[in-house]
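Q: Okay, handing you the structure first.
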Amino acid sequence: MLDAEELRELEATLLPTLERHHLRLLAHGLRTLQAVAGGRSGPIPTAEAIGAWARQQPQIRADPGFADAFLTQMGRMGDQLEAIAAGSGREPLALDLVDLVAWARDEADRRVRAPADPPAPPPD
7 MLDAEELREL EATLLPTLER HHLRLLAHGL RTLQAVAGGR SGPIPTAEAI
57 GAWARQQPQI RADPGFADAF LTQMGRMGDQ LEAIAAGSGR EPLALDLVDL
107 VAWARDEADR RVRAPADPPA PPPD
């Protein structure tokens with residue numbers, strides 16, 4: 007789980023609302039996957055490990071429909087964290103809030119940058 011200080015740090019990013027929401031989801035997903043793995047280093051846990059962990063959580067175990075959606079979302083979250091980690095040269099579970107904020111800012115900047123000049127028309 008994210009602590010109160012981390013949540014304040016996320017809100018202080020001045021990113022647009024949608025980016026902050028996405029950042030919160032990524033940060034919560036990272037903390038969940040770190041809990042599954044039992045540490046803050048290494049690769050994303052396997053789907054089997056995530057499933058085993060989820061079955062031990064009373065809130066997840068009590069709702070099979072939610073459990074399926076949770077496992078799907080954790081898989082997608084893992085894919086995205088792996089991509090972010092590859093871009094920063096770190097292991098996915100070694101990412102921290104600073105890494106996620108930097109990634110989110112880069113993504114927001116990329117979206118608002120002026121597009122490149124269009125290619126020249128073909129010669130006649």
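Read left to right, the sequence shown gives residues 7 to 130 (our numbering).
Note that beta-carbon positions come from the ideal geometry of N, C-alpha and C, so glycine has one too.
Verify whether the separation of the beta carbon atoms of I50 and L87 is less than 9 Å.
A: Going by C-beta atoms, I50 is nearer than 9 Å to L87.
Q: What do you get for G35, buried or exposed, if any count of 16 or more other CB atoms within 10 angstroms of its CB means buried?
A: It is buried - the Cβ of G35 has at least 16 other Cβ atoms within 10 Å.
Q: Kindly provide the ranges of any beta strand (DSSP E) runs that are 3 or more residues long and lie completely inside the region 49 to 104, ordered along the chain.
A: The qualifying runs do not exist here; there are none.
Q: Using 9 Å as the threshold, is the C-beta distance between L101 and A43 below it?
A: Result no, Cβ atoms of L101 and A43 do not sit closer than 9 Å.
Q: Let me confirm a value: Q79 is counted as buried when at least 16 other C-beta atoms fall within 10 Å, else exposed. Which label applies?
A: Q79 is exposed by the Cβ-count criterion.
Q: Counting C-beta neighbours from all protein chains within 10 Å, is the total for L104 16 or more, i.e. buried, or is it exposed?
A: Rather than Leu, the amino acid found at residue 104 in this sequence is Val. It counts as exposed.
Q: Report buried or exposed for L16, applying the criterion of at least 16 other Cβ atoms within 10 angstroms of its Cβ.
A: So L16 ends up on the buried side.
Q: Tell me the DSSP secondary structure of A110 in three-state form.
A: Of the three classes helix, strand and coil, the one that applies to A110 here is helix, per DSSP.
Q: Counting beta carbon pairs with one atom in the region 8 to 27 and one in the region 58 to 73, are three or more of them shorter than 8 Å?
A: Not touching, per the Cβ criterion.
Q: Helix, strand or coil, according to DSSP, for G35 in the structure here?
A: Reduced to three states, the DSSP call for G35 is helix.
Q: Over what stretch of residues does the alpha helix (DSSP H) that includes L16 continue unbroken?
A: Element bounds for L16: A10 to E17.
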